[in-house]
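Undergrad: So that we are looking at the same thing, I have put the structure below in structure tokens.
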């Protein structure tokens, strides 16, 4: 039997904006097993990013429980959560979120530098990942010197840098054209082949085909399509 | 939207940035204003002391140079900090300018919008700065006046106006520069972070890899944010130069002036003479810190003369190391012009000086028995000197053009003029003194004898020696006094003036700290998004704090190295020509400099903590 990687029970996340309470995530129950490729489909504002933030230990629930790799994320402090993210989670953001003052190769190396890898290993790993995403010739370029697709490929390489067991991708093709989107799909396929657990938030129906299971999110609730 | 409402709304919506900029600029304006008006009033106070004849020319020079250099540095520091903060804020707006250009807004309109924003920021911060600066000035003068000084509380509105105009002009020049650049740039360039940060790839390759992740990240960040980093370094270098000059210069100048006085008066010196003459001498020596009315007396009155037998008896007392017998009198002295080679042509001779006269204290001394050790420019009187003199610094400055190439007439009716071999710094009669060989004075006067004795005694046997001196002098109806009490009053007086002057470095240090805080807060608010990404990737809050701290540390160390060296150079090259530096002062100076750097580093912990207060999600979504 496969290990349960994510268990969310009665998960809620509310935001207070100008005295108005907004339910971004409302009573979600979810279980994800090791090696699953899950896609979360929903229109803009459905709560996909908030759900990924909760799973990725970037945010804490207002109520309910989120257990990832047997850690109840709502109970830990920021220091522990940082270590947790470094060890278990690879993040790909819709807006790439590369560090603008670091070159492509340095953006990838940053994650494994944090994990305390040796200089030689960092160099080898960064170069391997750049090759994997087809950007070995752009390593010394800054994010501002890369196209949107290239930035997203660097973001994928960075997310895979310390070989995390869980990859969270938040609308990875959201800011890209169709052609560049295809490049991202091919990277996701490579990741899928490696047997990693992947959760992909998207409103791009083409990406749903990659998933072993698709979940539908509407107004913060998981629904049948 | 009207031309004024856009900038106002824009500033109001960017609350944090606007508050930080206004706060930083206001503090910078307040500190500059305070330092200049307070410094100039201190200068007037010291000028009053000097003009009142209470300080010798040598001492006044040191005080004046100090106040002058500190004031120049203050005047430089204010606009540099102000322009730096404005530049930093306006550089952050380049991306917005790019977006506006991309939307079709004309360059002229964009420039006008953002310059209006700049003017609003500068206007409000100047207003708040003036209020704080004037309040700090009143608070400090009240505090000092309560502590026994008499600092004028008059405010020179003209000075305030000039300072404000200078700061406003500088702020506009330096703030309008990035606006104008961005307004002229292509929209793609203006929107690019590379253009905004002055990012360079080449510099990144030179980063030492053995420094550890946080230090490396900080180093990289600073190198890549080239324009902001270089501006920060220039700013802190000037501030730290000012702080070093004021603290190190102040401490060393204090010790140097104290040492001049100690050498000139001497330690463990007992003055013996007739009560009237002794009181007169002590009054002349104390003119330095208290002015008293003095009646005319005849120094050569037989009643005041001391017998040779008493001199011998006192010299024989065990514990009396040296007996310096002098003939002292007050007289009018006259300058004698000198002849020197023309400094330009070098072939013809020119006459220098005039025939100015002044009242002075004449002291006939036996060169080899003198108990004092003045700071002398030139040379001391030697045993074989017959027609030579050493004159006091005030006499040299006020009465001569080039004393060592001129001579002096002690008695107007005499035909003899004496060469001047040295100039000494002496608080006696405020530096209006002439030391000459006693035999020569006898010849000029046609009269012999001593009227004052200076005994250098052994401090370990003080009470016994003093008892024996009392026995001997009382038999001849004379008195004695320990000059240490007078010396201590001199030292206290100097310490008081310096403690007054040292108020300035405290405020320069506060300025440095506030500038660093403002820079870091602005810089962090610009980096918040990237810190959010780093935390999302697994960087602990401590790591982010270390990065911020390391950034501050690098800037402080680089600007500290340049600023402190520059400050020390200015201090020793221009401030104090012949400094006295003891081991204890070296330790104090080093400790102070370390405290300054430590304080600056510690002050960066606050913005470092602020950097991790936001949640990761909030930090990432910060633009």
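Residue numbers (this note's numbering), protein chains in the order written: chain C, 18 to 242; chain W, 3 to 625. All residues carry an ideal CB built from backbone N, CA and C; glycine is no exception.
Mind listing which residues of the segment 125-143 of chain C have their C-beta closer than 9 Å to chain W's C-betas, in chain order?
TA: Against chain W - using a Cβ distance shorter than 9 Å - the residues of the segment 125-143 of chain C are 127, 128, 130, 131, 132, 133 and 136.
Undergrad: Pick out whichever of 526/W, 66/W and 279/W has its Cα sitting closest to the Cα of residue 19/W.
TA: With distances taken between Cα atoms, residue 19/W lies closest to 526/W.
Undergrad: Against residue 92/C, what residues of chain W qualify as contacts under a CB-to-CB distance less than 9 Å, listed in chain order?
TA: Under the 9 Å cutoff, chain W gives no residues; its nearest Cβ is about 16 Å from residue 92/C.
Undergrad: Distance, Cα to Cα, residue 585/W vs residue 65/W?
TA: Approximately 23 Å, taken between the alpha carbons.
Undergrad: Give me, in chain order, the residues of the same chain whose beta-carbon lies closer than 7 Å to that of residue 372/W; leave out the 5 immediate sequence neighbours on both sides.
TA: These residues qualify, in order along the chain: 326.
Undergrad: Can you tell me where the alpha helix (DSSP H) holding residue 543/W begins and where it ends?
TA: Start and end: 543-572.
Undergrad: Mind listing the chain C neighbours of residue 222/W? Cutoff is C-beta to C-beta under 9 Å, in chain order.
TA: The contacting residues are 118, 119 and 123.
Undergrad: Strictly under 8 Å for the Cβ-Cβ distance: is residue 90/W near chain C by that measure?
TA: Not closer than 8 Å to any Cβ of chain C, the Cβ of residue 90/W fails to qualify, so no.
Undergrad: Any idea what DSSP makes of residue 420/W, helix, strand or coil?
TA: The answer is strand: DSSP assigns residue 420/W an E or B state.
Undergrad: Counting contacts by CB-CB distance shorter than 8 Å, is residue 588/W in contact with chain C?
TA: False, the Cβ-Cβ gap to chain C never drops below 8 Å.
Undergrad: Thinking C-beta only, is residue 171/C closer than 8 Å to residue 131/C?
TA: Taking 8 Å as the Cβ cut-off, residue 131/C and residue 171/C do not qualify as a contacting pair.
Undergrad: Any beta carbon of chain W sitting closer than 8 Å to that of residue 35/C?
TA: For residue 35/C, the answer is no, since every Cβ of chain W falls outside 8 Å of its Cβ.
Undergrad: Could you tell me the boundaries of the alpha helix (DSSP H) in which residue 226/W lies?
TA: Start and end: 215-226.
Undergrad: Check whether the Cβ of residue 542/W lies closer than 8 Å to any Cβ atom in chain C.
TA: Chain C contact via Cβ: present.
Undergrad: Roughly how many whole angstroms lie between the Cα atoms of residue 22/C and residue 48/C?
TA: Cα to Cα, the separation comes out at about 8 Å.
Undergrad: Can you tell me which of the three DSSP states residue 98/W falls into?
TA: Residue state, collapsed to three classes: helix.
Undergrad: Taking C-beta to C-beta, are residue 397/W and residue 424/W nearer than 8 Å?
TA: Result no, Cβ atoms of residue 397/W and residue 424/W do not sit closer than 8 Å.
Undergrad: Residues in the segment 539-567 of chain W with C-beta within 9 Å of chain B's C-beta atoms, listed in sequence order?
TA: Absent from the structure: chain B. Protein chains present are C and W.
Undergrad: Residue 428/W: buried (16+ other C-beta within 10 angstroms of its C-beta) or exposed?
TA: The residue is buried, with at least 16 neighbouring Cβ atoms inside 10 Å.
Undergrad: Helix, strand or coil for residue 617/W per DSSP?
TA: Three-state DSSP puts residue 617/W in coil, outside helix and strand.
Undergrad: So which residues of chain W does residue 80/C contact, with C-beta pairs closer than 9 Å?
TA: Correct list: empty, because the minimum Cβ distance to chain W is about 17 Å.
Undergrad: Verify the contact flag: residue 525/W, CB atom, against every heavy atom of the ligand FMN, threshold strictly below 7 Å.
TA: In the structure shown, the ligand FMN is absent, as is every other ligand, since no ligand is present at all.
Undergrad: Consider the Cβ of residue 632/W: report whether some Cβ of chain C lies at a distance smaller than 8 Å.
TA: Outside the displayed span of chain W (3 to 625) sits residue 632/W, for which this structure offers no information.
Undergrad: Give the secondary structure of residue 536/W by DSSP, where H, G and I count as helix, E and B as strand, and everything else as coil.
TA: In the structure shown, residue 536/W sits in a helix (DSSP, three-state: H, G or I).
Undergrad: What whole-angstrom Cβ distance do residue 70/W and residue 243/W have, given they're in contact under 8 Å?
TA: Not a contact, Cβ separation roughly 15 Å.
Undergrad: Got a sec: is the Cβ-Cβ distance from residue 15/W to anything in chain C below 8 Å?
TA: Taking Cβ atoms only, chain C never reaches closer than 8 Å to residue 15/W, which makes this a no.
Undergrad: Check whether the Cβ atoms of residue 421/W and residue 389/W lie closer than 8 Å to each other.
TA: Closer than 8 Å, so yes.
Undergrad: Which of helix, strand or coil does DSSP assign to residue 108/C?
TA: Three-state result, residue 108/C: strand.
Undergrad: Between residue 23/C and chain W, is the shortest Cβ-Cβ distance under 8 Å, so that the two count as touching?
TA: Closer than 8 Å: no.
Undergrad: Pull up the distance between the alpha-carbon of residue 574/W and that of residue 67/W, whole angstroms please.
TA: Approximately 12 Å, taken between the alpha carbons.
Undergrad: Along chain C, in chain order, which residues have C-beta atoms closer than 9 Å to that of residue 639/W?
TA: With chain W running from 3 to 625 in the structure shown, residue 639/W is simply not present.
Undergrad: Measure the C-alpha to C-alpha separation of residue 249/C and residue 50/C and round it to an integer number of angstroms.
TA: As displayed, chain C neither begins before 18 nor continues past 242, which places residue 249/C out of reach and without an answer.
Undergrad: Going along chain C, which residues have a C-beta under 9 Å from residue 617/W?
TA: Correct list: 75, 76, 77 and 95.
Undergrad: Can you tell me which of 36/W, 353/W and 553/W puts its alpha carbon nearest to the alpha carbon of residue 603/W?
TA: Residue 553/W is the option with its Cα nearest to residue 603/W.
Undergrad: Using 8 Å for Cβ pairs, my map puts residue 550/W next to residue 613/W. What's the rounded Cβ distance?
TA: The Cβ separation is near 5 Å, so the contact holds.
Undergrad: Within 10 angstroms of its Cβ, does residue 190/C collect 16 or more other Cβ (buried), or is it exposed?
TA: Counting Cβ neighbours within 10 Å, residue 190/C comes out buried, since at least 16 surround it.
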